[in-house]
Amino acid sequence: MTAFRRGIRLGIDVGRARVGVARSDPDGVLAVPVETVPRKGESVRRIAALAAEYEAFEVLVGLPLNLRGEDTPSTTDARGFAEALAAALPMPVRLVDERLSTVSAHSVLREAGRSQRASRSIVDQVAAVVLLQQALDVERQSGEPAGPAISPGQEPA
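1 is the number of the first residue of the sequence shown in the UniProt record's numbering; add one for each residue after it.
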């Protein structure tokens, strides 16, 4: 068991059309939304710029497994995106289980009185906050980083 690692982390929720980005505070207590990045040619470059801007030491990419913990087409897509990030970033990229993060994000937004249509532009950011906060909580409780680190072209363990 290791001590909690201090430093800013980025949380990434990969969607087909948009990528939600969240960041933690340096003490890893709180995750907050950053922005929604359109999912097109420049998305990896924009996230790399955000990682540099916030001086993140690690990027956590949500891995959307089904409820049985099995891969889905979205899982393959998220892994590919994480590998592209790992190739573009000088810091570790980790895959973290994000089951139900988008469902939780929609629920939070509904409770705040926002319709699904009105929430479309921010739901990815909220999902990134949910997955990052879960990863921070796991590391704080276990003393170990959440999820395996990946290298470009290497399947996660």
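The beta carbon of each residue, even a glycine, is placed where N, CA and C say it ideally should be.
These numbers were taken from a predicted model, which means no experiment stands behind them.
- prompt: Cβ atoms of PHE57 and GLY28: under 8 angstroms apart, would you say?
  reply: A distance of 8 angstroms or more separates the beta carbons of GLY28 and PHE57.
- prompt: Residues in its own chain within less than 6 angstroms of ARG46 by CB, not counting five upstream and five downstream?
  reply: Contacts found: VAL37.
- prompt: Going by the CB atoms, is the gap between VAL61 and LEU89 shorter than 8 angstroms?
  reply: Cβ atoms of LEU89 and VAL61: not closer than 8 angstroms.
message: Between the alpha carbons of GLU111 and VAL123, how many angstroms are there, rounded?
response: Answer to the nearest angstrom: the Cα atoms are 13 angstroms apart.
- request: Mind checking who residue 165 pairs with in its DSSP beta bridge?
  value: Nothing about residue 165 can be reported from this structure: the residues present for the chain run from 1 to 157 only.
query: Taking C-beta to C-beta, are PRO26 and ARG94 nearer than 8 angstroms?
result: If you check the CB distance, PRO26 and ARG94 do not come in under 8 angstroms.
message: I'd like the span of the alpha helix (DSSP H) that includes ASP137, first residue to last.
response: First-last of the alpha helix (DSSP H) with ASP137: 123-142.
- request: Kindly indicate which residue of GLN141, ARG6, ASP137 and VAL19 has the alpha-carbon position closest to the one of ALA127.
  value: Of the candidates GLN141, ARG6, ASP137 and VAL19, the one whose C-alpha sits nearest the C-alpha of ALA127 is VAL19.
task: Look up GLY15 in the DSSP assignment and say whether it is helix, strand or coil.
output: For GLY15, the three-state secondary structure derived from DSSP is coil.
field: Extent of the continuous beta strand (DSSP E) run through LEU50
entry: Premise fails: LEU50 lies in the alpha helix (DSSP H), 43-53, not in any beta strand (DSSP E).
query: With GLU83 and ILE150 assumed to form a contact (beta carbons below 8 angstroms), what rounded beta-carbon distance in angstroms separates them?
result: Between ILE150 and GLU83 the Cβ distance is about 6 angstroms, and since that is below 8 angstroms, they are a contact.
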